[in-house]
Amino acid sequence: MSKSTDIAELFNQYVMNTYAPSATLISGHGCKVRNPDGMTYLDFSAGIAVLNVGHCHPKVVTAIQEQAATLMHCSNLYYNANQALLAQRLSKLSLSGKCFFANSGAEANEAMIKLARLWGSEKGKFEIITMQNSFHGRTLATVAATGQTKVQDGFDPLPVGFVHAVFNNLDSVKAAVNERTVAIMVEAVQGEGGVLPAEESFMVGVRKLCDQKGLLMLCDEIQCGMGRTGKWFGWQHYPVKPDAFTLAKSLGGGFPIGALVATTDLADKFTPGKHASTFGGNPLACAAALAVIEAIEEESMLKSAAEHGKLLVAGLNGFVDQYAQVQAVRGLGMMIGMVVEGSAKEVVDACRDMGLLCCTAGEHVVRLLPPLNVSESDLEEAMEMIGDALEQLFGDEEE
Ligand SMILES: *Cc1c(COP(=O)(O)O)cnc(C)c1O
Numbered sequence: 000m001s002k003s004t005d006i007a008e009l010f011n012q013y014v015m016n017t018y019a020p021s022a023t024l025i026s027g028h029g030c031k032v033r034n035p036d037g038m039t040y041l042d043f044s045a046g047i048a049v050l051n052v053g054h055c056h057p058k059v060v061t062a063i064q065e066q067a068a069t070l071m072h073c074s075n076l077y078y079n080a081n082q083a084l085l086a087q088r089l090s091k092l093s094l095s096g097k098c099f100f101a102n103s104g105a106e107a108n109e110a111m112i113k114l115a116r117l118w119g120s121e122k123g124k125f126e127i128i129t130m131q132n133s134f135h136g137r138t139l140a141t142v143a144a145t146g147q148t149k150v151q152d153g154f155d156p157l158p159v160g161f162v163h164a165v166f167n168n169l170d171s172v173k174a175a176v177n178e179r180t181v182a183i184m185v186e187a188v189q190g191e192g193g194v195l196p197a198e199e200s201f202m203v204g205v206r207k208l209c210d211q212k213g214l215l216m217l218c219d220e221i222q223c224g225m226g227r228t229g230k231w232f233g234w235q236h237y238p239v240k241p242d243a244f245t246l247a248k249s250l251g252g253g254f255p256i257g258a259l260v261a262t263t264d265l266a267d268k269f270t271p272g273k274h275a276s277t278f279g280g281n282p283l284a285c286a287a288a289l290a291v292i293e294a295i296e297e298e299s300m301l302k303s304a305a306e307h308g309k310l311l312v313a314g315l316n317g318f319v320d321q322y323a324q325v326q327a328v329r330g331l332g333m334m335i336g337m338v339v340e341g342s343a344k345e346v347v348d349a350c351r352d353m354g355l356l357c358c359t360a361g362e363h364v365v366r367l368l369p370p371l372n373v374s375e376s377d378l379e380e381a382m383e384m385i386g387d388a389l390e391q392l393f394g395d396e397e398e
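In terms of numbering that gives the first Met the number 0, the sequence shown has 223 at position 224, counting the first letter as 1, and numbering is strictly consecutive.
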């Protein structure tokens with residue numbers, strides 16, 4: 000069990016075939032990870048936007064170690080301080096409201112969907128408008144919310160109550176509103192859908208539409224939240240405030256935790272018995288998240304995400320000029336997509352062979368999500384590896 004090939008063989012025999020792993024990792028530190036055969040990679044996938052503060056951030060490690068030895072779990076029959084402190088931090092950073100804690104993104108979205116339905120139930124409103132190419136999770140309700148048939152096929156009947164409109168097309172959202180509509184749900188930057196930021200006029204238009212029609216504006220910040228875009232939350236790039244939003248991925252710095260944050264008025268629709276989670280908000284998960292927030296603040300990671308994101312985009316734009324097959328670079332902060340003609344996976348595989356981990360977002364987008372505190376020398380090294388990968392794939396045709 001010491002080599003990549005042994006681990007892969009065991010994994011493939013006993014773990015269900017829902018993933019297609021492309022490397023084996025045994026340790027990580029900051030932006031670097033290692034495989035069992037002695038190879039080091041620069042990790043610009045960062046656990047798919049989970050490791051915003053890098054692998055094994057010392058603050059997060061210590062917080063988890065200390066909390067694990069003090070009070071690892073505390074049921075929600077009793078108060079626990081870390082949950083209160085984390086809710087206070089998230090509230091003060093955003094809507095001055097209240098939080099509910101879950102263990103994953105899909106669960107946080109389930110909580111948000113339930114809260115919206117509860118809010119609308121007296122008026123008989125339940126339908127939520129979500130966007131085409133969105134991604135909201137893999138539970139049945141969040142699969143129904145997701146605007147991609149590829150995640151839905153084979154799972155009928157899906158829960159009803161979701162309709163899909165076109166992202167960045169306000170008219171299409173307006174046309175989807177009816178007397179059953181309770182909320183409009185968007186990602187400020189679509190992640191899985193291809194690293195596509197919302198246009199300002201769209202976010203402002205959705206907010207206005209919600210105000211006019213008495214609907215809730217819901218943001219899924221699971222991928223673009225927690226500093227990824229250079230602000231705490233993606234919606235903060237726009238002159239709008241949602242009524243509620245969800246977090247997960249990077250919230251715990253690698254430890255599983257999800258959160259629903261809502262304005263007080265909306266949050267207070269939940270009363271004892273309406274929603275619950277055994278592990279949600281337990282002292283250990285909340286200790287990890289509190290340490291992540293401190294690390295982001297102490298190391299000015301919002302600033303570095305914004306600045307280094309610009310450097311990375313500038314570098315990648317060089318490849319747009321150099322190769323016809325590299326069509327565009329887009330994104331916000333450290334959430335960056337490079338659009339290629341043909342297969343993004345081929346580019347990702349070539350980068351991995353060079354020593355750089357990144358991932359795809361749909362068929363034609365190479366997604367780069369470095370830890371927010373990546374150093375400039377690591378950025379330069381990554382640019383070189385991407386350059387080498389592109390040269391290998393596209394170089395000859397340029398001669
Ligand atoms: C990853 C993701 C989810 C699902 O989170 P899980 O923790 O995998 O359930 C939901 N929404 C967005 C935008 C995501 O990126």
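C-beta atoms are modelled at their ideal positions from N, C-alpha and C, and glycine is treated no differently.
Using a 10 angstroms sphere on the CB of K58, the tally of other CB atoms reaches 16 or more, which defines it as buried.
Spatial neighbours of Q82 in its own chain (CB-CB distance under 8 Å, excluding positions within 5 residues in sequence) are listed in chain order as F100, G280, N281, P282 and C285. Where L89 is concerned, the enclosing alpha helix (DSSP H) starts and stops at A80 to L92. If the five residues before and after C209 are omitted, its C-beta is found closer than 7 Å to the C-beta atoms of I183, L215 and M216, all from its own chain and listed in chain order. Look at R33: its beta carbon is at least 8 Å from all of the heavy atoms in ligand 1. With a cutoff of 9 Å on beta-carbon distance, F166 and G146 are scored as near each other. Of the candidates L195, A287, S376 and A110, A287 places its Cα closest to the Cα of E65. DSSP lists V32 as the bridge partner or partners of Y40.
Judged by their CB atoms, A290 and I63 are nearer to each other than the 9 Å cut-off. Around the Cβ of E297, a 10 Å sphere holds fewer than 16 other Cβ atoms; the residue is exposed. When C-beta atoms of the segment 195-202 are compared with those of the segment 137-157, fewer than three pairs fall below 8 Å, so the two segments do not count as touching. The continuous stretches of alpha helix (DSSP H) do not include M333, and DSSP gives it neither H nor E. A straight line joining the alpha-carbon of L250 with that of D395 spans about 43 Å. For K124, the secondary structure class from DSSP, reduced to helix, strand or coil, is coil.
Within the chosen limit of 8 Å, ligand 1 does not reach the beta carbon of H163 with any heavy atom.
Membership of C73 in any beta strand (DSSP E) is not indicated, and neither H nor E is assigned to it by DSSP. Distances from the alpha-carbon of R137 to those of K149, V239 and A294 put K149 closest. Classified as buried, K124 has 16 or more neighbouring CB atoms from the shown chains inside 10 Å of its CB.
With respect to T262, L94 sits close: the two C-beta atoms are nearer than 9 Å. The three-state secondary structure of M216, taken from DSSP, is strand.
F232 sits close to L92, with the two beta carbons spaced by under 9 Å. The distance from the Cβ of M334 to that of C223 is about 6 Å, consistent with a contact at the 8 Å cut-off. DSSP, reduced to helix, strand and coil, places K97 within a strand of the structure shown.
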